[in-house]
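What follows is a single structure, written as structure tokens, with notes after it.
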Amino acid sequence: MEKKRLEELRKKLLSKKQDLAETVNQDESEGRGFDESGTQDLADKATNSYTKEFLFGLSDAERALLQAVDEALARLRDGTYGVCVSCGGAMQAKRLEAIPWARHCLSCQEEQERQS
Ligand SMILES: [Zn+2]
């Protein structure tokens with residue numbers, strides 16, 4: 176895959192992670208009343224996503240998504256990004272465009288959905 180393309184996907188993944196961090200921040204603001212000083216540590220939460228407090232603020236689905244995003248970022252780092260974890264085949268560019276944190280190619284995904 177092209178370097179430029181990988182960089183674009185990396186940015187998408189990082190902004191998704193940021194979205195999740197903002198979700199937590201909003202939930203907290205609603206829970207305790209808005210606290211202006213609370214917005215300041217948002218960046219810290221985004222970069223250190225495994226703090227207990229951060230994970231506590233996420234739903235199961237959001238947590239699973241965050242994990243998928245983190246795994247995708249790890250694959251980008253070690254150069255295995257864009258390869259289906261099931262069949263080892265190259266993932267469709269369109270699929271990565273739509274879901275940059277996807278672990279399976281389209282046919283493996285469909286296979287899994289049939290089984291579950
Ligand atoms: Zn596959």
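Residue numbers (the working numbering): 176 to 291. Backbone N, C-alpha and C fix where the C-beta goes; we use that ideal spot for every residue, glycine too. Values in this document were obtained by computation on a predicted structure and should not be read as measured data.
Cβ-Cβ separation, residue j to residue i (assumed contact under 8 Å), whole Å
i	j	result
Leu233	Leu241	7 Å
Ala249	Gly257	So it is not a contact: roughly 13 Å between Cβ atoms.
Ser291	His279	Not really, about 13 Å apart at Cβ, beyond 8 Å.
Pro275	Ala239	At roughly 15 Å, the Cβ-Cβ gap does not stay under 8 Å, so Pro275 and Ala239 are not in contact.
Per DSSP, cross-strand counterpart(s) of residue i
i	result
Ala302	The requested residue 302 does not occur in the structure, where the chain is confined to residues 176 to 291.
Ala265	Val258
Exposure of residue i, with buried meaning 16 or more beta-carbon neighbours within 10 Å
i	result
Lys192	buried
Ala196	buried
Arg180	exposed
Gly208	With a pLDDT of 44 at Gly208, under the threshold of 50, the predicted position of this residue should be treated as unreliable, though the coordinate-derived value follows. By the neighbour-count rule (16 or more Cβ atoms within 10 Å), Gly208 is not buried but exposed.
Ala277	buried
Glu211	Bear in mind that the predicted position of Glu211 carries a pLDDT of just 46, short of 50, making it unreliable; the figure below should be weighed with that in mind. So Glu211 counts as exposed.
Lys178	exposed
Residue nearest to residue i in terms of C-alpha spacing, selected from the options
i	options	result
Asp245	Glu272, Arg185, Met176, Lys179	Arg185
Thr198	Lys178, Ala273, Glu237	Glu237
Glu286	Cys259, Pro275, Lys269, Trp276	Cys259
Asn200	Glu272, Leu188, Phe231, Leu281	Phe231
Ser282	Glu272, Ala273, Gln267	Gln267
Lys331	Arg289, Glu288, Gly254, Leu271	Absent from the model: residue 331. The displayed extent of the chain is 176 to 291, so no value can be given.
Ala273	Arg289, Lys178, Glu183	Glu183
Residue i Cβ short of 8 Å to ligand 3 heavy atom set
i	result
Ser261	Looking for ligand 3 in the displayed structure turns up nothing; the ligands present are ligand 1.
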